[in-house]
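Trainee:
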Amino acid sequence: MQTTSQHIVEVAIPLPLEGSFHYLVPERLSSAVQAGKRVLVPFGRRKVTGYLLGDADAPGAGELKEVLEILDEEPLFTAAELDFYRWIAGYYLHPLGEVIKMALPAGINLVSRYRCEQSEDGTPVLKEYLAGGKSVRTERVYTADPDCTARPRGKGLEILEYLLEVGECSGPKLRERFGPCTAQLGRLVELGAARLSQREVYRDPFKAKEYGHDGPLPLNPAQAEALCKVSAALAAGEFAPFLLHGVTGSGKTEVYLQSIAVALDAGRSALVLVPEIALTPQLVGRFKRRFDCGIAVLHSGLSDGERFDEWRRIRRGEATIVIGARSALFAPLEGIGVIVVDEEHEGSYKQSEGVRYNARDLALVRGKLAKALVLLGSATPLVTSYHAAQTGRLGYLSLPDRVRDLPMPETRMLDARNHKGEIFLPELVEAMGENLDAGGQTLLFLNRRGFATYLVCETCGHVLRCPNCAVTLTYHRIKGKHVCHYCDFTMLPPSTCPDCQSGAITLLGRGTERVEDQVQKLLPDARVSRMDRDSTRGKGGHARVLKELEEGTVDILIGTQMIAKGHDFPGVTLVGVLSADASLNLPDFRSAERTFQLVTQVMGRAGRGDKPGRVLVQTLAPEHYALTHAVAHDYLGFYREEIAFREEVGYPPFAHLAALTFSAVAAGQGEHAADEAAAVLRRIKREARLRVEVLGPVTAPLGKVRGRFRWQILLKGVERADLHRLLFHFRSRFSHPSTVRLTIDVDPVDML
Numbered sequence: 001m002q003t004t005s006q007h008i009v010e011v012a013i014p015l016p017l018e019g020s021f022h023y024l025v026p027e028r029l030s031s032a033v034q035a036g037k038r039v040l041v042p043f044g045r046r047k048v049t050g051y052l053l054g055d056a057d058a059p060g061a062g063e064l065k066e067v068l069e070i071l072d073e074e075p076l077f078t079a080a081e082l083d084f085y086r087w088i089a090g091y092y093l094h095p096l097g098e099v100i101k102m103a104l105p106a107g108i109n110l111v112s113r114y115r116c117e118q119s120e121d122g123t124p125v126l127k128e129y130l131a132g133g134k135s136v137r138t139e140r141v142y143t144a145d146p147d148c149t150a151r152p153r154g155k156g157l158e159i160l161e162y163l164l165e166v167g168e169c170s171g172p173k174l175r176e177r178f179g180p181c182t183a184q185l186g187r188l189v190e191l192g193a194a195r196l197s198q199r200e201v202y203r204d205p206f207k208a209k210e211y212g213h214d215g216p217l218p219l220n221p222a223q224a225e226a227l228c229k230v231s232a233a234l235a236a237g238e239f240a241p242f243l244l245h246g247v248t249g250s251g252k253t254e255v256y257l258q259s260i261a262v263a264l265d266a267g268r269s270a271l272v273l274v275p276e277i278a279l280t281p282q283l284v285g286r287f288k289r290r291f292d293c294g295i296a297v298l299h300s301g302l303s304d305g306e307r308f309d310e311w312r313r314i315r316r317g318e319a320t321i322v323i324g325a326r327s328a329l330f331a332p333l334e335g336i337g338v339i340v341v342d343e344e345h346e347g348s349y350k351q352s353e354g355v356r357y358n359a360r361d362l363a364l365v366r367g368k369l370a371k372a373l374v375l376l377g378s379a380t381p382l383v384t385s386y387h388a389a390q391t392g393r394l395g396y397l398s399l400p401d402r403v404r405d406l407p408m409p410e411t412r413m414l415d416a417r418n419h420k421g422e423i424f425l426p427e428l429v430e431a432m433g434e435n436l437d438a439g440g441q442t443l444l445f446l447n448r449r450g451f452a453t454y455l456v457c458e459t460c461g462h463v464l465r466c467p468n469c470a471v472t473l474t475y476h477r478i479k480g481k482h483v484c485h486y487c488d489f490t491m492l493p494p495s496t497c498p499d500c501q502s503g504a505i506t507l508l509g510r511g512t513e514r515v516e517d518q519v520q521k522l523l524p525d526a527r528v529s530r531m532d533r534d535s536t537r538g539k540g541g542h543a544r545v546l547k548e549l550e551e552g553t554v555d556i557l558i559g560t561q562m563i564a565k566g567h568d569f570p571g572v573t574l575v576g577v578l579s580a581d582a583s584l585n586l587p588d589f590r591s592a593e594r595t596f597q598l599v600t601q602v603m604g605r606a607g608r609g610d611k612p613g614r615v616l617v618q619t620l621a622p623e624h625y626a627l628t629h630a631v632a633h634d635y636l637g638f639y640r641e642e643i644a645f646r647e648e649v650g651y652p653p654f655a656h657l658a659a660l661t662f663s664a665v666a667a668g669q670g671e672h673a674a675d676e677a678a679a680v681l682r683r684i685k686r687e688a689r690l691r692v693e694v695l696g697p698v699t700a701p702l703g704k705v706r707g708r709f710r711w712q713i714l715l716k717g718v719e720r721a722d723l724h725r726l727l728f729h730f731r732s733r734f735s736h737p738s739t740v741r742l743t744i745d746v747d748p749v750d751m752l
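Quick look at the structure:
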């Protein structure tokens, strides 16, 4: 039994366990205790990194273990950031320790590991060691001593004279200037003519690239009005959320830039979120040319070391603007004045595993906690966002026209019915040739990668499927393999049907690889490139493809949704949408909304320069309202039809959702657990009189992924509080076998 005089602290452990844990602080560490620091603590038979949350009251009984080490000199997170983490843990029903781990740089935590070693007598023994921890990079710096009378000769004298001129220089830069000179540098130090020291250096994701400088652009009346409202909100110093609804090419980015300039002038910082790392290089370039302050980037395309260094720059106040994908939401910025969520409609803001947060939604939460302005920008805002603006929960800023009075692209729907097997309809082929002859660039959009989407036997109808997932295998001709896009299973193309051994097997369906192949055959003189997850693998892959298009070395770019998101290329004068209806038939109530957004966004890449744009949309569903309104550039018309559908069936914004997914290697185990969970949920609902619908369980649309059978329960609640109460009680009353995995997704985006 411990006495209350002993120092007890509360620690969050980054493991899938509810609650926090109490530890004793030994006297030798007591002075270093501070909330926000990492600690090394015993946990079971291991030693793990935990996060100090603060002092704790003495527990009622039981022996407490001691903190082993305090790992940081300064806290890694502030009290305000901890409040934000607690909000996330409570809302998304996830352990606080895992939320904090997610928010901090990857790889910094220590954990005990074991390896087999030989003892002195030769018997094998398990030895414990600590793994993990991110190193700080240092470099050698040489400084000349002007009072030293010793003078070397030759190259050593040249180096010394240079050091006397510049004061100090790093070893790598000296070797870059003078070639191999380790021996000469050592001799200078030995003579006392130069002093050697170590200094910390950052890994530079920009690779010291020069960006030049430009100033603010003139604003049209709609942009000026939006900036005026933003400036007034910033001056008030209170939380102010706005939807910035502007057609493609309307100058939303310029409004972002000038709004951030206002915030910087007031001594505040800015956070800019983009949905894909593919957008980051172009956006960073615009910000670097506009602002002289420190700019940091955070996204998954950086190495762990680069992310760690960028995080430290932000924490130290050396960067006042942070740009990145969803994880940049957790940047340790102080004094945030503006948070921008560009392309706020994008589903990629939702994390699909671990802590299933939505960065778009959390931007509003963080903005509220920081009393900041939040700008949600899009040409095709979420139906829920537009509804919030219409009902007064978001301010509304409209940019109805393109900048410089540029016209919207001329758009035409092409009926692909009765054209079975044709990748390009004749009108699109003719338009591509004309555009190439005129010197314009073309974008071709198809949201399926690979060469063919499935292989089928013409004799027995057998379709080649992934053995681990309920999906067909996609053939990638460059790899020469059939690939599963869910579990990465691969196999070589069979020469005969696996079922009937017939040789009559054929590839059907089409992906971006096949489109690229056909374009090269149709237009052999065209310079063709492809932008999808396969062609942009590796560091800098996105930036490389985009740079080629920007510099005009690509005539035709074929791509998936990567090419639809916010890119600004004045040379693109033709856009072809090859299968506009591909996403309409997905089993998801948002399928029409996503189709409208995707088609509208890719159409918006055309005609952003001096030459007018043209768009041709091939579809098998030319009468669908999502496509007719997209082709007419009519967001309001689409919204009216979609919101009526949502209200009729009771989906957001008229209800709040949570999805429970059960998975198991044995189909019966997952189904049984889902049935029991549904019974518990309905019992709690009745007892607490909660207004929540419990739908299911049913087999998930993707019934098997990575060898696990999947079942789903969908919860629909009119009141968000009722939904959370149901889930809170459910977690405390329901247990499932260790062979069954349960994920709870609050506000799901992907219903597959």
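If you're matching positions, the sequence shown starts at 1 in the UniProt record's numbering and goes up one per residue.
Every residue, glycine too, gets a C-beta built ideally from N, C-alpha and C.
All figures in this text were calculated on a predicted structure; none of them were measured in a lab.
1) Would you call E693 buried or exposed, if buried means 16 or more other Cβ atoms sit within 10 Å of its Cβ?
2) Would you mind working out which of R594, L578, V577 sits nearest N585, comparing C-alpha positions?
3) Use the C-beta contact count for V166: other C-beta atoms within 10 angstroms, 16 or more gives buried, fewer gives exposed.
4) Since H656 and L723 are thought to touch, with beta carbons under 8 Å apart, how far apart are those beta carbons, to the nearest angstrom?
5) With a cut-off of 8 Å on the beta carbons, I'd call T453 and R510 a contact; round off their distance for me.
6) Label S735 either buried or exposed according to how many other C-beta atoms from any shown protein chain fall within 10 Å of its C-beta, with 16 as the threshold for buried.
7) For the candidate residues A32, V67, E98, whose alpha-carbon lies nearest to that of E74?
8) What residues in its chain sit with their C-beta under 8 Å from that of V665, if we drop five residues either side in the sequence?
9) Near G237, what residues of its chain come up, given a Cβ to Cβ distance below 7 Å and the 5 sequence neighbours on each side ignored?
10) Around the C-beta of F451, are 16 or more other C-beta atoms found within 10 angstroms, so that it is buried, or is it exposed?
11) In the structure shown, what three-state DSSP assignment does P281 receive?
12) Can you tell me whether V478 is buried or exposed? The criterion is at least 16 other CB atoms within 10 Å of its CB, across all chains shown.
13) Can you tell me whether N447 is buried or exposed, with buried defined as 16 or more other CB within 10 angstroms of its CB?
14) First and last residue of the alpha helix (DSSP H) that includes D342?
15) Express the C-alpha separation of V572 and V617 in angstroms, rounding to a whole number.
16) Please specify which runs of the beta strand (DSSP E), each continuous and at least 3 residues long, are wholly inside the segment 171–242, giving them in chain order.
17) Just to check my reading of the structure: A278 and L373 have Cβ atoms closer than 8 Å, yes? What is that Cβ distance to the nearest angstrom?
18) DSSP three-state label for F43, please.
19) Compute the distance between the beta-carbons of A363 and L273, then report whether it is under 9 Å.
20) Tell me which same chain residues have a C-beta within less than 6 Å of the C-beta of F489, skipping the five on either side of it?
21) How far does the beta strand (DSSP E) with R741 in it extend, from its first residue to its last?
22) Could you tell me the alpha carbon to alpha carbon distance between T628 and A438, rounded to whole angstroms?
23) Going by beta-carbon coordinates alone, are S170 and V136 separated by less than 9 Å?
24) Could you give the distance in angstroms between the alpha-carbon of K37 and the alpha-carbon of L82?
25) Could I get the ranges of all uninterrupted alpha helix (DSSP H) runs contained in the segment 560–612, with 4 residues as the minimum, in chain order?
26) Which residue from L64, A35, P95, A80 puts its Cα closest to that of L71?
27) What do you reckon, are the CB atoms on L257 and R286 nearer than 9 Å?
28) Does DSSP put M413 in a helix, a strand or coil?
29) With distances taken from CA atoms, which of A79, L15, G90 is nearest T49?
30) Provide the residue span of the beta strand (DSSP E) that contains V297, from first to last.
31) Since S502 and T459 are thought to touch, with beta carbons under 8 Å apart, how far apart are those beta carbons, to the nearest angstrom?
32) How long is the line joining the alpha carbons of L93 and R725, rounded to whole angstroms?
33) Looking at D745: is its Cβ nearer than 9 Å to the Cβ of L620?
34) Do the CB positions of V575 and T474 come within less than 9 Å of each other?
35) If the criterion is Cβ atoms closer than 9 Å, does the pair V528 and L549 meet it?
36) Taking only the alpha-carbon atoms, compute the straight-line gap between L188 and S197 and give it to the nearest angstrom.
Mentor: The relevant details are as follows:
1) Under a 10 Å Cβ-count criterion, E693 is classified as exposed, with fewer than 16 other Cβ atoms of the shown protein chains found around its own Cβ.
2) Nearest option by C-alpha distance: R594.
3) The residue is exposed, with fewer than 16 neighbouring Cβ atoms inside 10 Å.
4) Between the beta-carbon of H656 and that of L723 there is about 5 Å, and that keeps the pair under the 8 Å contact cut.
5) The Cβ separation is near 7 Å, so the contact holds.
6) Classification for S735: exposed.
7) The shortest C-alpha separation from E74 is found at A32.
8) So the qualifying residues of the chain are G707, R708, F709, T739.
9) So the qualifying residues of the chain are K371.
10) Buried is the call here.
11) Three-state DSSP puts P281 in a helix.
12) Note that residue 478 is Ile in the sequence shown here, rather than Val. Exposed, because fewer than 16 other Cβ atoms sit within 10 Å of the Cβ of I478.
13) N447 is classed as buried because its beta carbon has at least 16 other beta carbons within 10 Å across all chains shown.
14) Bounds of any alpha helix (DSSP H) do not take in D342; it lies within the beta strand (DSSP E) bounded by 336–342.
15) The straight-line gap from Cα to Cα measures roughly 16 Å.
16) Runs of the beta strand (DSSP E) inside the segment 171–242: 194–200.
17) No, A278 and L373 are not in contact; Cβ-Cβ is about 26 Å, not under 8 Å.
18) In this structure, F43 counts as strand in the three-state DSSP scheme.
19) In this structure, L273 lies closer than 9 Å to A363 by Cβ.
20) C466, N468.
21) Here the beta strand (DSSP E) through R741 covers 741–746.
22) For T628 and A438, the distance between alpha carbons rounds to 29 Å.
23) It is not a contact, given that the beta carbons lie outside the stated cut-off.
24) If you take the alpha carbons of K37 and L82, they lie about 12 Å apart.
25) If we require 4 residues or more, the alpha helix (DSSP H) runs fully inside the segment 560–612 come out as 591–603.
26) The option with the nearest alpha carbon to L71 is A35.
27) For L257 and R286, yes; Cβs fall inside 9 Å.
28) Of the three classes helix, strand and coil, the one that applies to M413 here is strand, per DSSP.
29) Residue L15 is the option with its Cα nearest to T49.
30) Element bounds for V297: 295–298.
31) At roughly 4 Å, the Cβ-Cβ gap stays under 8 Å, so S502 and T459 are in contact.
32) Using only the alpha carbons, I get a separation of about 11 Å.
33) Judged by beta-carbon spacing, L620 lies beyond the 9 Å limit of D745, meaning their Cβ atoms are not closer than that value.
34) In this structure, T474 does not lie closer than 9 Å to V575 by Cβ.
35) No.
36) Between L188 and S197, the C-alpha separation is close to 13 Å.
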